[in-house]
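Let me begin by presenting the structure, written as structure tokens, before commenting on it.
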Amino acid sequence: MLEAHKPRVLFCGTLKWAAEDAKAKLGDIAELIHMEQPCDRKTFLAKFQPGGPYAGTIAIFRHTSSSQYIGHFDAELLDGMPGVKWIAHTGAGYDQIDVFACKDRAWTATGIRVSNTPNAVDEGTATTCLYLLISSMRAFPLAEESLRAGYWKFPKISPYARDISCLNIAILGLGGIGLYFANLLRPFAPKKIMYHNRKPRRDPGPEWLEYMPDVEEMLSQADVLSVHVPLNPNTVGLVGEKWIRKLRKGAIIINTARGKIIDEAAMISALEDGHLSSVGLDVFPDEPKVNPRLLEFPQVTLLPHMGTETRDSQHRMEIRALDNIKDFLTTGAGRDLVPEHNDDCI
């Protein structure tokens with residue numbers, strides 16, 4: 198009888214590393230139910246009907262893997278989940294959730310609230326970014342390809358290759374990942390590390406990290422541009438032809454954020470004519486598809502979205518999402534509300 202009175206928490210996607218943590222953190226205060234897999238959207242939503250196994254769910258633990266079964270959390274999906282008040286997403290980027298549609302759900306005064314897992318992903322993503330920079334900057338993919346083909350050292354590698362200490366590095370979006378990346382760069386002693394946000398960080402940060410209020414001025418000084426802004430309607434194609442051409446000739450672009458933030462056609466054009474010497478990409482506009490034209494550039498470094506592919510990062514992400522649900526159930530508010538929801542009272 199007591200179990201029936203516990204609030205229901207639905208796990209959409211698999212808990213890879215924190216299954217026991219979930220029981221320890223939530224087992225005494227919630228009924229934990231798991232999405233059946235495989236499961237299509239229609240079947241999933243049918244289970245929210247009165248008397249269904251998901252009826253009465255008030256919080257959802259959302260793993261990105263759930264999208265392969267039920268798709269993105271869009272208005273249609275949200276409308277089929279009456280009573281849900283909190284979605285705890287396991288990841289820093291949350292573009293797979295329509296956060297504005299969440300705010301408009303009428304069954305709760307404040308809509309459905311969404312949390313993400315900032316900081317949990319910082320180390321994994323920032324170290325991926327550092328790898329992409331070093332690999333692209335030194336043309337290591339070209340060197341490895343040459344060796345594997347039996348030619349030892351490709352004779353024209355040095356025109357592509359640079360040393361970090363001779364470069365100005367620009368960070369577009371200095372959140373947790375961007376700052377972690379900046380700190381990783383510091384021992385390499387680049388000439389300058391700059392960043393641009395819409396406004397300066399509240400904490401001034403270290404003196405060696407220079408805030409650039411004019412993004413185009415920052416780009417004009419940059420040998421490397423590392424992209425760390427979230428994907429939303431305002432950032433689709435943000436790094437376009439104009440910004441790419443503002444970079445110094447021979448510059449490198451690194452992207453561990455989201456593929457759609459960069460105008461891919463403009464980037465490829467700049468690679469073709471040499472304005473960009475290389476790129477390091479962990480993300481692509483239409484994942485898991487990769488534009489075959491990118492594969493034609495032997496000097497670039499391409500990874501299949503590996504930023505948080507470590508057991509440690511994934512465990513931290515799962516724990517943080519669990520903590521957000523626990524805080525919501527016990528206090529009515531999680532600590533990691535996405536910015537679009539952060540101005541409203543719970």
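Take the sequence shown: its letters are residues 198 to 543, numbered as in the numbering used here.
For every residue, glycine included, the Cβ atom is placed at its ideal position computed from N, Cα and C.
Separation of the CB atoms of A454 and H425 is rounded to 5 Å, and the pair is thereby assigned contact status at 8 Å. When DSSP states are grouped into helix, strand and coil, G477 belongs to the strand group. From the listed residues G280, L376 and T528, the smallest Cα separation to G308 is found for G280.
Counting C-beta pairs closer than 8 Å gives fewer than three between the stretch 333 to 342 and the stretch 519 to 536, which falls short of the contact rule.
Inclusion of S423 and I465 in the CB contact set at 7 Å is not warranted, their separation being larger than that value. Between F270 and I284 the beta-carbon gap is near 7 Å, inside 8 Å, which marks them as a contact. Non-local beta-carbon contacts of A358 in its own chain, meaning distances under 6 Å to residues more than five positions away in sequence, involve R335 and A336 in chain order. The DSSP-derived three-state label of A367 is strand. With fewer than 16 other CB atoms across the displayed protein chains lying within 10 angstroms of its CB, N539 is exposed. Counted as a single uninterrupted DSSP element, the beta strand (DSSP E) harbouring S312 occupies residues R310 to S312.
Between V296 and N429, the alpha-carbon positions lie close to 10 Å from each other. One alpha carbon belongs to T325, the other to A252, and they sit about 41 Å apart. For M391, the uninterrupted beta strand (DSSP E) run begins and ends at K389 to H393, by DSSP.
Distance from the CA atom of I458 to the CA atom of I354, rounded to whole angstroms, is 29 Å. In this structure, V412 keeps its C-beta atom at 7 Å or more from the C-beta atom of I449.
For secondary structure counted as the alpha helix (DSSP H) over 4 or more consecutive residues, the stretch 205 to 273 holds these complete runs in sequence order: 216 to 223, 238 to 243 and 264 to 267. The distance from the Cβ of A221 to that of V206 is about 14 Å, inconsistent with a contact at the 8 Å cut-off. Closest in C-alpha terms to D319, from the list R398, F525 and G504, comes G504.
Only buried fits P338, as 16 or more other CB atoms lie within 10 angstroms of its CB.
The beta carbons of A272 and A298 sit closer together than 7 Å.
In this structure L526 is not in contact with A219, their Cβ atoms being roughly 13 Å apart against a cut-off of 8 Å. Between Y408 and the set R259, N431 and A379, the nearest pair of CA atoms involves A379. Taking P247 as reference, the option from L330, T314 and M278 with the minimal CA-CA separation is M278. Annotation for Y328: the continuous alpha helix (DSSP H) segment containing it runs D319 to M334. Scanning its chain for C-beta atoms nearer than 6 Å, with the 5 sequence neighbours on each side dropped, one finds around I267 the residues R238 and F241, in chain order.
In terms of Cβ geometry, T507 and G321 form a close pair [threshold 7 Å].
Nearest C-alpha to R517 among G373, P485, P250 and A289: A289.
Taking a contact as a CB-CB distance under 8 Å, the pair G249 and P315 does not count as one, their CB atoms being some 33 Å apart. Look at S423 here: in three-state DSSP terms it is strand.
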